[in-house]
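Student: In terms of UniProt numbering, the sequence shown has 25 at position 25, counting the first letter as 1, and numbering is strictly consecutive. Where a beta carbon is used, it is the ideal one built from N, C-alpha and C, also for glycine. As the structure is a prediction and not an experimental result, all values here were calculated from the model.
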Amino acid sequence: MLFEGRAELFVAGREEHLFRCFWGGTTADSIHMDCISADDETQKPVFTLQVSADGTARLSEAGKNLGIFQRTEQIPTRKE
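(1) Let me know the secondary structure DSSP gives H17 once reduced to three states.
(2) Can you give me the Cβ contacts of G67 inside the same chain, cut-off strictly under 7 Å, excluding the 5 residues immediately before and after it?
(3) On the DSSP bridge assignment, give the partners of A7 in chain order.
(4) Let's see if you can read the secondary structure: which residues bound the beta strand (DSSP E) around G55?
(5) Short of 8 Å in beta carbon distance, which residues of its chain neighbour L2, apart from the five on each side in sequence? Order them along the chain.
(6) Could you work out which residue in H17, Q74, V46, Q50 is closest to C35 when comparing CA atoms only?
(7) Between which two residues does the beta strand (DSSP E) containing K64 stretch?
(8) In the DSSP assignment, find the unbroken beta strand (DSSP E) run with I31 in it and report its ends.
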């Protein structure tokens with residue numbers, strides 16, 4: 001089964017997204033994200049989000065860990 005979609009990545013202290021991404025996953029624990037920088041469209045990083053059974057997720061780029069996240073029951077809302 002294949003899953004895919006779009007995402008926007010934000011950084012702390014910034015109102016607008018930093019990256020626009022298309023993501024895809026073929027397993028329940030790994031998502032591959034092809035992104036474009038909102039500031040410089042020539043920057044096209046590729047991120048991976050790995051989720052473990054305990055709900056912990058690691059965001060990485062080219063093997064470098066960028067962040068660790070914990071799954072919550074909170075439903076995110078979008079500010080319009």
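Tutor: By the coordinates alone:
(1) Taking the sequence shown and counting its residues from 1, the one referred to as residue 17 is at position 17. The answer is coil: DSSP assigns H17 none of H, G, I, E or B.
(2) For this step, residue 67 is matched to residue 67 along the sequence shown. Only L59 meet the Cβ criterion.
(3) In the sequence shown, the residue the question calls residue 7 occupies position 7. Answer by DSSP bridge pairing, in chain order: C21.
(4) By 1-based counting over the sequence shown, the position of residue 55 is 55. Where G55 is concerned, there is no enclosing beta strand (DSSP E), given that its DSSP letter is neither H nor E.
(5) Position 2 of the sequence shown, counting from 1, holds the residue named residue 2. Contacts found: G24, G25, T26.
(6) Taking the sequence shown and counting its residues from 1, the one referred to as residue 35 is at position 35. When only C-alpha atoms are compared, the closest one is V46.
(7) On the sequence shown, residue 64 is found 64 positions in, with the first residue counted as 1. K64 -> beta strand (DSSP E) spans 64-70.
(8) By 1-based counting over the sequence shown, the position of residue 31 is 31. Note, I31: beta strand (DSSP E), 30-37.
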